[in-house]
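Take a look at the structure set out below.
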Amino acid sequence: MSTIKDVAKEAGVSIATVSRVVNKSPKASKSAVESVTNAMKKLGYRPNEAARALVSQKSNIIGVVVSDVSDPFFGLLIKTVDKIAYQHGKHTLIGNGYHQAEQERDAIELLIKNRCDALIVHAKALTDEELIHYAKEVKGMVLINRFIEQIADRCISLDNYQGAYIATEHLIKNGHKNIACIASNHLIEDADARKSGYLAALKDHDIILSEDYIAAATPDAEGGIEAMNNLLEKDINITAVLAYNDYMAAGALSVAQEKGIQVPKQLSIVGFDNGLIARYLYPRLTTVNYPIELMAEKAAILALKRANNETVETQQLNFSPTIVLRDSACKANN
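According to my numbering, the sequence shown is numbered sequentially starting from 21.
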């Protein structure tokens with residue numbers, strides 16, 4: 021394996037000159053850049069990125085912490101951040117937190133140790149205090165899908181409460197009163213906010229339902245199946261269902277179809293997120309739009325600007341949800 025000394029000898033320059041070229045120093049002359057670059061290609065020399073980072077305090081890496089990279093929602097988030105990273109000549113390093121405080125902490129620590137220029141964090145288990153501490157340590161850190169008042173200028177978030185509220189209200193305005201809620205059993209603020217939005221909409225329209233109308237399970241298709249089966253086993257009348265996300269809605273839809281319940285004629289179903297799956301279910305899923313691509317793009321750009329000490333213009337950081345009308349919900353048959 022070639023060393024920096026070999027490159028210097030091949031290029032006919034000093035080791036210091038090779039170092040300046042490798043670290044893109046403006047002091048390196050055009051002829052030096054050309055000769056060193058040619059020597060590195062000839063010898064197959066690759067600069068030590070860790071050493072470069074120590075010298076320049078930059079690694080050309082954007083770090084991203086998500087719950088689970090296998091979840092399509094987070095896959096889209098990462099893809100968007102990676103697009104912005106590529107546009108800025110950087111690479112993306114990913115950590116999984118799995119909604120567990122210890123794993124979220126480990127992921128953030130690993131990315132910090134790798135001297136990421138910018139850091140986009142989706143963390144639900146860590147406390148506000150710990151995230152504020154990290155934000156003070158890493159000037160290019162931005163939170164996504166989390167709002168903390170003390171670092172509000174670094175938080176890109178969605179109003180989950182309002183999303184569930186408008187979805188429930190949409191069903192109410194279409195004549196539904198017996199509206200069930202398929203909730204997530206994860207102990208995170210998103211789950212609480214969406215359940216609270218559902219309950220608030222019922223209350224504001226003078227609809228009183230028992231706790232039997234709420235079933236919680238894991239926020240995936242299997243959880244949707246489990247929760248829907250639990251609801252149908254109860255002796256209650258249900259004309260509509262609001263699901264925590266599109267995958268739980270897909271699970272609920274599959275149960276309805278297996279049991280011969282016509283959607284939306286006999287049962288309306290509304291999801292949340294407006295993921296790719298919502299467009300290809302049958303019937304196509306009415307859902308709440310979660311603009312994760314736009315939010316991820318904003319987060320990546322904001323993180324890079326902060327990391328580079330650039331002026332950050334006043335911009336939209338808190339996004340409002342909207343409902344996407346498709347075919348899985350209609351007027352109630354009274």
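Glycine included, each C-beta is placed from N, C-alpha and C at the ideal position.
query, result
"Ile114 and Val141 closer than 8 Å at C-beta", "no"
"DSSP-derived helix/strand/coil call for Ala356", "Summary: the structure shown does not reach residue 356, with the chain confined to residues 21 through 354, and so no result is reported for it."
"Anticipated Cβ contact below 8 Å, Ala319 with Val162, distance rounded", "5 Å"
"Helix, strand or coil at Gly217 according to DSSP, with G and I counted as helix", "helix"
"First through last residue of the alpha helix (DSSP H) which encompasses Ala31", "Ile24 to Ala31"
"Identified DSSP bridge partners for Ile81", "His111"
"Cβ neighbour criterion (16 or more within 10 Å) applied to Thr259", "buried"
"Neighbourhood of Ala270 by C-beta, 7 Å cutoff - its chain only, sequence neighbours within 5 removed", "Ala241, Gly244, Ile297 and Leu301"
"Buried or exposed (CB count within 10 angstroms, at least 16 for buried), Lys215", "buried"
"Cα-Cα separation, Ala70 to Ala143", "Note on Ala70: pLDDT 49, under 50, position unreliable in the model; the coordinate value appears next. Using only the alpha carbons, I get a separation of about 27 Å."
"Alpha-carbon to alpha-carbon, Asp226 and His206", "28 Å"
"Exposure of Lys47, with buried meaning 16 or more beta-carbon neighbours within 10 Å", "exposed"
"Beta-carbon spacing of Pro284, Asp347 below 8 Å", "yes"
"contact_flag[the region 92 to 107, the region 305 to 319] where n(CB pairs < 8 Å) is 3 or more", "yes"
"For Ile128 and Asp148, believed in contact at Cβ under 8 Å, the rounded distance", "No, Asp148 and Ile128 are not in contact; Cβ-Cβ is about 14 Å, not under 8 Å."
"Simplified DSSP assignment, three categories, for Gly244", "helix"
"Exposed unless 16 or more other CB atoms sit within 10 angstroms - verdict on Leu74", "Here Leu74 scores only 42 on pLDDT, less than 50, and its place in the model is too uncertain to base an answer on."
"N- and C-terminal bounds of the beta strand (DSSP E) containing Gly291", "Ser288 to Asp293"
"Between the CA atoms of Ala236 and Ala211 - distance to the nearest angstrom", "10 Å"
"Three-pair Cβ contact test at 8 Å for the region 246 to 265 versus the region 188 to 201", "yes"
"Proximity of Asp5 and Lys110 at Cβ, strictly below 8 Å", "Nothing can be reported for residue 5, as the shown portion of the chain is limited to 21 through 354."
"Collapsed DSSP secondary structure at Ala349 in the structure displayed", "coil"
"Ser76 versus Ser45: straight-line alpha-carbon distance, rounded", "Caution is warranted here: a pLDDT of 46 is assigned to Ser76, below 50, making its placement in the model unreliable, and no coordinate value can be reported."
"Inter-residue Cα distance where the pair is Tyr264 and Lys50", "58 Å"
"C-alpha gap between Ser39 and Ser22, whole angstroms", "14 Å"
"Burial state of Ala31, where buried means 16 or more other Cβ atoms lie within 10 Å", "buried"
"Minimum C-alpha distance to Asn294 - residue among Thr112, Asp266 and Leu337", "Asp266"
"Simplified DSSP assignment, three categories, for Val261", "strand"
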